[in-house]
Each structure stands twice: as C-alpha cells, then as structure tokens.
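In this note's numbering, the protein residues as written are 131 to 366. All residues carry an ideal CB built from backbone N, CA and C; glycine is no exception. Everything below concerns the one structure shown next.
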Amino acid sequence: MKLGILVTGHIDEPHFDEYVNYSHMFQQLFKKAGEHFEYASYDVCEEQWPSSVNECDAWLITGSASGVYDDTPWMGKLKKWIVHSHEQGIPMVGICFGHQIIAAAFAGKVEKYQGGWGVGPYTYQLNDLELCGLKEIRLNAVHQDQVIHKPVNARCVGRSDFCENAILMYGDSILTIQAHPEFTNEYEKDLLELHKGNAIALEPSQIALDDMNDNPKTMDDLAVAKWMARVLKKLP
131 MKLGILVTGH
141 IDEPHFDEYV
151 NYSHMFQQLF
161 KKAGEHFEYA
171 SYDVCEEQWP
181 SSVNECDAWL
191 ITGSASGVYD
201 DTPWMGKLKK
211 WIVHSHEQGI
221 PMVGICFGHQ
231 IIAAAFAGKV
241 EKYQGGWGVG
251 PYTYQLNDLE
261 LCGLKEIRLN
271 AVHQDQVIHK
281 PVNARCVGRS
291 DFCENAILMY
301 GDSILTIQAH
311 PEFTNEYEKD
321 LLELHKGNAI
331 ALEPSQIALD
341 DMNDNPKTMD
351 DLAVAKWMAR
361 VLKKLP
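So, in structure tokens, the structure goes:
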C-alpha cells in the first residue's frame, strides 16, 4: 500500500545531514519495525500537495517547529484536507504538530502549555488498551504546545502527568501522538544539545540530557510503529 507523508517542517540544523529529513526518519522507523509501505512525500509547508486525498492509501503528518495557532494559509488548507480525508474513510497518523493540527481541524484547542517545555523521554500511560503487552510506553518528546481540549470526536488513549491528551484516537482510522517515535535517542540528544538555552528552554533540556546520559533507557518506538502501521493498514 502507498503511504503519503505530509511534511510540515524541516531539519534545518547544521551538521544534521545524517538524519536527512522527517520523511526519512519515519521510513527508517517502519523499516526497523518490519513494516513495509510504498512511500510518497509532499512538502505541504512549501505548498507541495498531492492531487487529491485519494492519491495514497493512507496519510502521515509529521512534526514541525511551527505552531498550529499561527494559522498560515497552508495550515488552513491542511485542516480542510484532514477533514475531507477522514470523510473519505482514509486512515491517518499525526505526530507532534500532526497530532495538534488534526485536533485543531476537528475544533480541538491547541496552545502553549503553561507548564513549559516537555523534552526528553516521557512515559505515557495507556487507557483501556495494551500495546504488545504494555500498559505504558516510553517515547522521546520535544514540544511546548499541547492539545488542551480534545475534539468531541476524539478519545484519549494515552496520557502522562505532563501531557493529558498525549495520544488520541478518532474512531479506528486516525491515531495521533504528541511524542516522537521517529526520534532516536541520538537525534534527541543532538537536538537538545544544539538548542538548549536558545530555541528550547535550558533547564528542562539539561535535565533531560542528564537523565538520558546517566540512565539510558530503551524507547518503545518499534511497538508504537507497529501500532501506527495497523491503523494505517486498517488492521484490528
């Protein structure tokens, strides 16, 4: 099946060539999880769009440094795209910014969280479900914005003490996740080292880096990748 990746941001950091781009990160994640798709990428933040919502069998919306509340023309177009795609029954996954703009498309509320930045590894409790036998999952996160009020058509299936609406499901066809299963520990650390005290607040960045260096832990990225793939492939 063909998975369309709607790219909403870029890796602009110098010397990050090894990470390529967000589309590549997701393709590598699915490959490591043993999930196979035919891929097409569309740089929608640069107004590069598929011809229709039916051009691919499923869609994935990436993260971005942009805020949903910026409400740029391409974001407005993407929100309409999300609603139309859902009306057509096409499965979709949204990650970080993707999680937020899908919520916004269905009249949820997204804003900068008063509690500040969430960076580094976080543990998310799963509500009323198990994932590969897990009742909680650990993923890397980098965000200041959150879905403060979820849409009425969404149910919360995962949360943390820092992020109440961390994982949302819309029926069985849309899965959205605030954290970044595609971010390896290496990328997360490089990103925080580069931006701490500048684009990302210093104190939470340093706490996260110290924790990652002193207490390295395995992320549940592959289990989450399989979950994402099941939704995209319309599997139970």
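query	result
Separation of E241 from Y300, as counted between CA atoms	20 Å
6 Å CB neighbourhood of L324 in its chain, flanking five on each side removed	E143
Length of the line joining the Cα atoms of D173 and P180	10 Å
Exposed unless 16 or more other CB atoms sit within 10 angstroms - verdict on A237	exposed
S303 in three-state terms, based on DSSP	coil
According to DSSP, residues forming a beta bridge with S171	I135
Beta-carbon proximity list for D341, same chain, < 8 Å, skipping 5 on both sides	G250, P251
Run of the beta strand (DSSP E) containing Y254, from where it starts to where it stops	248-256
Near the ligand PLP: D340 beta-carbon under 7 Å from a heavy atom	Ligands are entirely absent from the displayed structure, and the ligand PLP is therefore not among its contents.
Cβ pair count under 8 Å reaching 3, the region 270-280 against the region 355-364	no
Per DSSP, cross-strand counterpart(s) of C286	L298
Option nearest T253 by Cα separation, candidates R289, A233, E260, Q230	R289
Of the listed residues V213, G246, L133, nearest to F292 (C-alpha basis)	G246
Cβ pair count under 8 Å reaching 3, the region 313-324 against the region 258-272	yes
Alpha carbon of L261 to alpha carbon of L365, nearest angstrom	14 Å
Beta-carbon gap between G134 and E185 smaller than 8 Å	yes
Runs of beta strand (DSSP E) wholly within the region 216-240 (minimum 3 residues, chain order)	222-225
V183 to E333 span [Cα, whole Å]	42 Å
Bridge partners - A188, DSSP secondary structure assignment	L133
Residues near S303 in its chain [Cβ-Cβ closer than 6 Å; skip 5 each side]	P221
Identity of the residues DSSP links to A271 by a beta bridge	G250
Beta-carbon proximity check, S196 vs F146, cutoff 8 Å	no
Distance, Q230 Cα to C175 Cα	15 Å
Where G97 falls, given that 16 or more other Cβ within 10 Å makes a residue buried	Any answer about residue 97 is impossible in this case: the structure gives the chain only from 131 up to 366.
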